[in-house]
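>
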Amino acid sequence: MKSATAYLLFNGEAEEAFTFYRSVLGGELQMVRYRDMGGEGGSSLPEEVGNRIANAALTWREDQLLMGSDAPPDQRVGHDNVPFAVCLDVDDQAEAERIFTGLSEGGQVTMPLGKTEWAAQFGMVTDKFSVPWMVNLYGGE
1 MKSATAYLLF
11 NGEAEEAFTF
21 YRSVLGGELQ
31 MVRYRDMGGE
41 GGSSLPEEVG
51 NRIANAALTW
61 REDQLLMGSD
71 APPDQRVGHD
81 NVPFAVCLDV
91 DDQAEAERIF
101 TGLSEGGQVT
111 MPLGKTEWAA
121 QFGMVTDKFS
131 VPWMVNLYGG
141 E
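In terms of the UniProt record's numbering, the sequence shown has 68 at position 68, counting the first letter as 1, and numbering is strictly consecutive.
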């Protein structure tokens with residue numbers, strides 16, 4: 001296996017969410033709307049659906065990737081009690097604090113950033129889009 005990548009689904013907030021994630025994580029963001037997809041299907045979609053994000057890819061550092069899209073309107077997704085979290089392993093204390101603080105903006109801290117038995121710094125936050133995150137600093141300063 002080459003890698004595993006988190007793919008997040010939204011109810012029309014994918015563009016806003018991925019723009020926010022880029023502001024926190026940095027990197028390059030590419031998005032494709034349903035209306036811009038190849039074939040005849042894209043041009044015949046209702047405007048509300050056509051404006052939604054069919055695929056978003058945020059690449060930061062050299063090898064970090066987060067992907068996602070808006071679910072079709074008839075396939076509403078929920079983030080309540082989801083059995084996952086996006087886990088970020090960071091390089092140093094400053095990066096841990098910057099990312100954790102950024103993701104916390106408008107969200108809810110579920111475990112403050114602090115030392116744990118397994119990490120020099122670890123914290124959990126659910127962002128303003130109801131996506132749960134874990135920030136880890138293993139053994140760093």
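Even glycine gets a Cβ: it sits at the ideal position worked out from N, Cα and C.
Helix, strand or coil for arginine 35? Go by DSSP, reduced to three states.
Three-state result, arginine 35: helix.
> Kindly confirm or deny that the segment 98 to 105 and the segment 53 to 69 touch, where touching means at least three C-beta pairs closer than 8 angstroms.
Segments in contact, no.
> Would alanine 29 pass as a contact of phenylalanine 18 if the rule is Cβ separation under 8 angstroms?
The identity of residue 29 in the sequence shown is leucine, whereas the question assumes alanine. Yes, the pair counts as a contact, with Cβ atoms nearer than the cut-off.
> Excluding the 5 residues preceding and the 5 following residue 146 in the sequence, name in chain order all residues of the same chain whose CB lies nearer than 7 angstroms to its CB.
Residue coverage of the chain in this structure runs from 1 to 141, which leaves residue 146 outside it and unanswerable.
> Just to confirm the assignment: which complete alpha helix (DSSP H) runs, minimum length 4, are found wholly within the UniProt domain "PhnB-like" (4 to 135)?
Segments of the alpha helix (DSSP H) lying fully in the UniProt domain "PhnB-like" (4 to 135): 14 to 25, 47 to 50, 93 to 104.
> Quick one: residues in its chain with C-beta nearer than 6 angstroms to the C-beta of methionine 124, no 5 flanking neighbours on either side, listed in chain order?
So the list reads Thr110, Met111, Met134, once near-sequence residues are dropped.
> Run the CB neighbour count on proline 73, radius 10 Å, all protein chains shown included, and call it buried at 16 or more, exposed below.
That one is exposed.
> Would you mind working out which of Val86, Glu13, Gly139, Gln108 sits nearest glutamate 117, comparing C-alpha positions?
Measuring from the Cα of glutamate 117, the nearest candidate turns out to be Gly139.
> Going straight from the alpha carbon of glycine 50 to that of serine 69, what length do you get?
Their backbone Cα atoms lie some 12 angstroms apart in a straight line.
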